[in-house]
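Written below as structure tokens is the structure these notes are about.
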Amino acid sequence: MSFAAFLQVFLAIIFIVSAFPKLAKLKAFAKTLEELGLPPWMSRIGSWGVPAVELIVAGIILVDKIRIFGQLGISALLISFVWAVWRAKGKSLDCNCFGNLATEQFGRKTVYRILILAGADTYLFLYTRLTGLQHASLMEWSSAIFLTLSILAVYGLLSAMIRFQKMMVKKS
1 MSFAAFLQVF LAIIFIVSAF PKLAKLKAFA KTLEELGLPP WMSRIGSWGV PAVELIVAGI
61 ILVDKIRIFG QLGISALLIS FVWAVWRAKG KSLDCNCFGN LATEQFGRKT VYRILILAGA
121 DTYLFLYTRL TGLQHASLME WSSAIFLTLS ILAVYGLLSA MIRFQKMMVK KS
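Here it is as structure tokens:
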């Protein structure tokens, strides 16, 4: 499996993992959107719309011949995420980036995540050839999926450790 094919799987899983917790906690995500300054009616639409688009681009990015549309959708999502970070500046708001899966506030880590995803998306824009993902073996697919899930697990564990350390420092 090429690096570009791995990035297709990586981005798809990231957006799937991001979408489902938002759908599971629609009210919390809508509240975040309202706190960012959207009117209630727009927040309700956005609370369904953002995760729906995340799931759609996750599927499209996996199909080589139409992945450009998935990449464009990812770019649009990333622009909306940058807007959210900008709107949250100076406020203490929960990100809800992965729903309530990881409790984090908007901030520097959010920007870093956006940059990593933008880098992966940009790489795929520059890699104009077909990646051959549809012809990858079951072992290659499994490896890419488990590597991505492992990266997410390590990220979650490190985030939890950092939150715990900050909490312990505040107590002492």
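Quick note on numbering: the UniProt record's numbering labels position 114 of the sequence shown as 114, and the sequence is numbered without any gaps.
Using N, Cα and C, we set each Cβ at its ideal position, and we do this for glycine too.
Roughly how many angstroms separate the alpha carbons of Leu117 and Leu11, rounded to a whole number?
-> For Leu117 and Leu11, the distance between alpha carbons rounds to 7 Å.
Where do the N-terminal and C-terminal ends of the alpha helix (DSSP H) with Lys89 fall, by residue?
-> Going by DSSP, Lys89 is part of no alpha helix (DSSP H) at all; its letter is neither H nor E.
If we count Cβ pairs, one from each stretch, closer than 8 Å, do we get three or more for the stretch 104-124 versus the stretch 63-74?
-> Contact holds: three or more Cβ-Cβ distances are below 8 Å.
Leu115 and Leu36: beta carbons closer than 9 Å?
-> For Leu115 and Leu36, no; Cβs fall outside 9 Å.
Contact belief for Val85 with Phe106 at Cβ below 8 Å, rounded distance in angstroms | Val85 to Phe106, Cβ: 5 Å. Contact.
As assigned by DSSP and simplified to three states, the class of Phe69 | DSSP places Phe69 in helix when its eight states are reduced to three.
Option in Lys65, Tyr127 and Ala88 with minimal Cα separation from Arg108 = Out of Lys65, Tyr127 and Ala88, Ala88 has the C-alpha closest to the C-alpha of Arg108.
Does the ligand ZN have a heavy atom nearer than 8 Å to the CB of Ala144?
-> Judged by which ligands are present, the structure shown has none, so any question about the ligand ZN falls away.
Alpha-carbon to alpha-carbon, Ser172 and Ala76 = If I take the Cα positions, the gap works out to 44 Å.
6 Å Cβ shell around Trp141 - same chain, five flanking residues per side excluded = Within the same chain, Trp141 has no close Cβ partners at all.
Taking the alpha-carbon positions, what's the Ala4 to Leu130 distance?
-> Their Cα atoms are separated by approximately 9 Å.
On the three-state DSSP scale, how would you describe Phe98?
-> Phe98: strand per DSSP, three-state reduction.
Just the C-alpha distance for Lys27 and Gly156, rounded to the nearest angstrom, thanks.
-> Approximately 23 Å between the Cα atoms of the pair.
Leaving out five residues on either side along the sequence, give the residues of the same chain with a beta carbon under 7 Å from the beta carbon of Cys95.
-> Shown here for Cys95: same chain residues with a beta carbon closer than 7 Å to its own, the five before and five after excluded, namely Glu104, Gln105, Phe106 and Thr110 in chain order.
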